[in-house]
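Report on one structure; see the data block that follows.
In my numbering, the protein residues as written are 1 to 312.
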């Protein structure tokens, strides 16, 4: 009889190991965080023979734990609604202490936070909670609730769930890295589009002097995808060409937007004021009225006689 019990125990542990391998396959099957946590915790709940399970993740901006996944008969009623501070509830205590915890009877433990039961109608009896760690940093807390057979969670359950949670933490990190990579790629594409738009503001064809007196050539290569460097070349009449060169303070999108507005203003005012001093005064007054956050621009404007090649 004792021998048969040992056999059943070994078979159960083999099944547990098989489940851990299955979780590894789940982790490699998707990088969507919500789907991943749902699949992994569903398996964890099955292996731990628990009635419910949940995952709380640290919101570093708010410095709270937020419920990301809640599985069980009433899980949908509490997900995304429960927030815990450090030390609040069992999960908050585990976060604060960076240590796992078995609560055999929540009615006898003051750390239990009953609001979730009141909200969902679920009755929590016992909890096994483990911190989720990424390189010694606590990123969340995972819980399984109520053993289905009514027994208390054991030290073996704790060791098994800790192994699960190592994989859960790895899955979370992989999904977050993937999300960051997707966001970086989206930003790269947006910057590339912004670069193309910005380049379209630059003159696409440059006027040239007659009889080989002079040639005009220009090239704009921003240090990053977009920036505040600018130039423009406009025929003012059949003999004079206006050349504008400038640099907006700062870099990136703000400088590029400032530059685009300035180019529009220049092309408007240069039709009315060809004298460099008058034109730059007009632009300066406009920029002073509009200036925000201390941004400024350095500009040079010259009018060239294409018949003589001289600046007038």
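Using N, Cα and C, we set each Cβ at its ideal position, and we do this for glycine too.
Contact annotation: residue 280 and residue 226 have beta-carbon atoms that are not nearer than 8 Å.
The stretch 125-132 makes no contact with the stretch 176-190: fewer than 3 CB pairs, one atom from each, lie closer than 8 Å.
In the three-state reduction of the DSSP assignment, residue 273 falls in the coil class, being assigned neither a helical nor a strand state. By the CB criterion at 8 Å, residue 138 and residue 47 fall outside the cutoff. By the CB criterion at 8 Å, residue 106 and residue 125 fall inside the cutoff. Residues of the same chain with a CB within less than 8 Å of the CB of residue 64, apart from the 5 flanking positions on each side, are 58, 83, 84 and 85 in chain order. Taking C-beta separations shorter than 7 Å and ignoring five residues to either side along the sequence, the partners of residue 144 in its chain run 44, 45, 48, 50, 53, 128 and 161, following chain order. Within its own chain, the residues whose Cβ lies closer than 8 Å to the Cβ of residue 62, once the five positions on either side in sequence are excluded, are 83, listed in chain order. Your pair residue 288 and residue 234 does not check out as a contact, with CB atoms roughly 24 Å apart and the cut at 8 Å. Residue 235 is bridged by DSSP to 241.
Ranking 98, 278 and 307 by CA distance to the CA of residue 240 puts 307 first. Taking the C-beta atoms as reference points, residue 90 is found nearer than 8 Å to residue 103. Taking residue 147 as reference, the option from 165, 123, 164 and 167 with the minimal CA-CA separation is 123.
Straight-line spacing of the CA atoms in residue 263 and residue 304 works out to 19 Å. Going by C-alpha positions, residue 166 is about 15 Å away from residue 95. Residue 172 has its alpha-carbon roughly 14 Å from the corresponding atom of residue 136. An exposed status is given to residue 217, since fewer than 16 other beta-carbon atoms sit within 10 Å of its beta-carbon.
For residue 176, the enclosing alpha helix (DSSP H) stretches over residues 155-201. Residue 55 and residue 163 have their C-alpha atoms some 15 Å from each other. Every beta strand (DSSP E) stretch that sits fully inside the stretch 56-139 and reaches 3 residues is listed by chain position as 64-71, 101-103 and 127-134.
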